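Chains as they are written, first to last, in UniProt numbering: chain D, 1 to 224; chain V, 1 to 224.
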């Protein structure tokens, strides 16, 4: 069974992680959840206008406690077939967290393929994983992601893309647009990595109609 | 902030719960997670053909430990604006669990509106919540759900439906088809319960293109 590592952190976006995970598990992956520290980490959603402050957003809207079985450092003792990095409110703090980024870079080295959803690409960029690569991200958070770190400036950001697959150096690095785009990327990933039709069969099992054209991006106009 | 109760249990389907939850949280709900016993409960995916036995399916594929802050009985001390019941492998055991079903029926009484995703409708049916109502469910599990309990025979099951909204007795009871159909139902629910356009705004925020016609069911042909 191919091994998927989900990188979880405080304030990860729920559907960023569990949408792709549903489809990738149906496609045949097993999953291990790792976080900066093992134990409970809370997923949630990006703050709504109802929330007054950044702090309140993170506090109020991070509300699904998930148990990570491994710390990120502990996860370094294994090889992974696929590493998945969600986005979410929590990326704001982590994009400047050097120990986190250094460990993430090592985990990406230890993974045959790497994928991110939404603002998860800001973390991959800051960790140097996207140096010189093509990538995309959440459309509403475009300005923040593309300016979130010095290394983000070296990425070839693609504004009109549901997802982007880059194979520079022979290693697949796939990045998706906002939240739900991760579902479509996961269907494509499963078929690319596990065999033709595997992703589509998983989507059918989940009664999901995937978008199959990575250039068909209904939300590209949100980029500012 | 309107209050959503997520009914979690061992072997709940990941996207059944976290797809609608993403959209409903973005729409303005707060969430409380309750399970038969509070503490850790594992979500996963329905077994794949790769799994040898029913036991192995449940063991191997239930792999995301989530912390429930309340037991279902504890959740009875509050009123809820919306109760959400996911489906998944775990419904097989619970559909014959009388204490669980009795508590679920009381929780539904204490909730202004009730919704289920996928085989979650088998639990609502067995608890008597769908007596004489129209409902739908997962297409691949159709035969099992519609025959899963004596009370399921009193439900007016609708095979061609992405979701079904029934308002018998003045109370909204919405049931969706398989896994990903819960996303579309959630968009509709948010607009119906919180105000016109609220669900669509949440979907846009999540870069999700919802299906808006409940009768447009691409998976109806899977019903046997």
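All C-beta atoms in this analysis are idealised placements derived from N, C-alpha and C, irrespective of residue type, glycine included.
Treat the numbers as computed from the prediction; the structure is a model and nothing was measured.
With a cut-off of 8 Å, do at least 3 Cβ pairs link the stretch 91–109 of chain V to the stretch 122–131 of chain V?
-> yes
Is the beta carbon of residue 222(D) within less than 8 Å of some heavy atom of the ligand SAM?
-> Among the components modelled here there is no ligand, and therefore nothing to report on the ligand SAM.
Looking at the C-beta of residue 58(V), does it have a partner C-beta in chain D at a distance below 9 Å?
-> The residue you call residue 58(V) lines up with position 58 of the second chain. Because residue 58(V) sits at a pLDDT of 48, beneath the cut-off of 50, its placement in the model cannot be relied upon, and the point is left open.
What's the gap between the Cα of residue 285(V) and the Cα of residue 160(V)?
-> Nothing can be reported for residue 285(V): it is not among the residues displayed for chain V, which extend from 1 to 224.
Host alpha helix (DSSP H) of residue 222(D) (start-end) | In the first chain, counting from the first residue as 1, residue 222(D) sits at position 222. The continuous stretches of alpha helix (DSSP H) do not include residue 222(D), and DSSP gives it neither H nor E.
Beta-carbon of residue 74(D) versus every beta-carbon of chain V: anything under 9 Å?
-> Taking the first chain and counting its residues from 1, the one referred to as residue 74(D) is at position 74. No, because no Cβ of chain V sits closer than 9 Å to the Cβ of residue 74(D).
Taking only beta-carbon atoms, is residue 134(D) less than 9 Å away from chain V?
-> Numbered from 1 along the first chain, position 134 holds the residue referred to as residue 134(D). Output row for residue 134(D): interface = no.
Report, in whole angstroms, the separation of the C-beta atoms of residue 200(D) and residue 187(D), which I expect to be a contact under 8 Å.
-> As a first step, residue 200(D) is located in the first chain; it is residue number 200 there, counting from the start. As a first step, residue 187(D) is located in the first chain; it is residue number 187 there, counting from the start. Their Cβ separation, rounded to whole angstroms, is 7 Å, which keeps residue 200(D) and residue 187(D) in contact under 8 Å.
Can you give me the Cβ contacts of residue 22(V) inside the same chain, cut-off strictly under 7 Å, excluding the 5 residues immediately before and after it?
-> Locating residue 22(V) in the second chain gives position 22, counting from the first residue. Here the set comprises 206.
Determine the DSSP secondary structure at residue 173(V), reduced to helix, strand or coil.
-> On the second chain, residue 173(V) is found 173 positions in, with the first residue counted as 1. In this structure, residue 173(V) counts as strand in the three-state DSSP scheme.
Using the C-alpha atoms, what's the distance from residue 146(D) back to residue 157(D)?
-> The count along the first chain starts at 1 and reaches residue 157(D) at position 157. The count along the first chain starts at 1 and reaches residue 146(D) at position 146. Taking C-alpha positions only, residue 157(D) is separated from residue 146(D) by approximately 7 Å.
Quick one: which chain V residues come within Cβ less than 7 Å of residue 19(D)?
-> Here the question's residue 19(D) lines up with position 19 in the first chain. Those are 15 and 19, listed as they occur along chain V.
Is residue 176(V) buried or exposed, if buried means 16 or more other CB atoms sit within 10 Å of its CB?
-> Counting from 1 along the second chain, the entry for residue 176(V) is found at position 176. Counting Cβ neighbours within 10 Å, residue 176(V) comes out buried, since at least 16 surround it.
List the residues that DSSP assigns as beta-bridge partners of residue 116(D).
-> Start at 1 with the first residue of the first chain, and residue 116(D) comes out as number 116. DSSP output for residue 116(D) lists 85(D) and 175(D) as bridge partner(s).
Helix, strand or coil for residue 43(D) per DSSP?
-> As a first step, residue 43(D) must be located in the first chain, where it is residue number 43. The answer is strand: DSSP assigns residue 43(D) an E or B state.
List the endpoints of the continuous beta strand (DSSP E) containing residue 166(D).
-> Looking up residue 166(D) in the first chain gives position 166. 163–166 is the span of the beta strand (DSSP E), which, as asked, contains residue 166(D).
Would you say residue 63(V) faces chain D, with C-beta separation under 9 Å as the test?
-> For this step, residue 63(V) is matched to residue 63 along the second chain. Closer than 9 Å to some Cβ of chain D, the Cβ of residue 63(V) qualifies, so yes.
Burial state of residue 191(V), where buried means 16 or more other Cβ atoms lie within 10 Å = The residue labelled residue 191(V) in the question sits at position 191 within the second chain. Answer is buried; the Cβ neighbour count reaches 16.
Would you say residue 148(D) reaches chain V, if we count a Cβ-Cβ gap shorter than 9 Å as a contact?
-> Numbered from its first residue, the first chain carries residue 148(D) at position 148. So no, residue 148(D) is outside the interface.
Apart from the five residues on each side of it in sequence, which residues of its chain come closer than 6 Å, Cβ to Cβ, to residue 58(D)?
-> Start at 1 with the first residue of the first chain, and residue 58(D) comes out as number 58. Caution is warranted here: a pLDDT of 48 is assigned to residue 58(D), below 50, making its placement in the model unreliable, and the coordinate value is therefore given only provisionally. Correct list, in chain order: 11 and 89.
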